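Report on the following structure.
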Amino acid sequence: MAVERMLDRRVRGKTRTTLDLRAGQYAIYLALTANDLGAQEDSDTYLDLAGQHAQEAGDRLLSDCVAAVGQLVRVLPE
Numbered sequence: 002m003a004v005e006r007m008l009d010r011r012v013r014g015k016t017r018t019t020l021d022l023r024a025g026q027y028a029i030y031l032a033l034t035a036n037d038l039g040a041q042e043d044s045d046t047y048l049d050l051a052g053q054h055a056q057e058a059g060d061r062l063l064s065d066c067v068a069a070v071g072q073l074v075r076v077l078p079e
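At position 18 of the sequence shown the residue is numbered 19 (the working numbering), and the sequence of numbers has no breaks.
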């Protein structure tokens, strides 16, 4: 992801928070897509990544979304 490459650079403050938030949101979408394609291991990896970005951004809503999606993908039929 381009956002990941940007985060690898020396980015600070509000810009870093915004990038972490966007990267977390993208990771959730990728987790849902991977789950839909039957790639549960990849889905779990993207959810973990989304959780890390949510924690870095300090965003409670994103953290709650990660938790909700995590529960959702465990109950959806394959």
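Backbone N, C-alpha and C fix where the C-beta goes; we use that ideal spot for every residue, glycine too.
Quick caveat: nothing in here was measured; it's all calculated off a predicted structure.
{"Item": "Using CA coordinates, which residue listed in A58, A69, G14 is at the minimum distance from M23?", "Value": "Position check: residue 23 holds Arg in this sequence, whereas Met was assumed. Comparing Cα positions, the closest option is A58."}
{"Item": "What whole-angstrom Cβ distance do L33 and V70 have, given they're in contact under 8 Å?", "Value": "7 Å"}
{"Item": "How is L38 classed by DSSP in three states: helix, strand or coil?", "Value": "coil"}
{"Item": "If you draw a straight line from the C-alpha of L48 to the C-alpha of A35, how long is it?", "Value": "10 Å"}
{"Item": "Do T18 and D65 have their beta-carbon atoms positioned less than 9 Å apart in this structure?", "Value": "no"}
{"Item": "I believe H54 touches G25 by the beta-carbon criterion, under 8 Å. Please report the beta-carbon distance rounded to the nearest angstrom.", "Value": "3 Å"}
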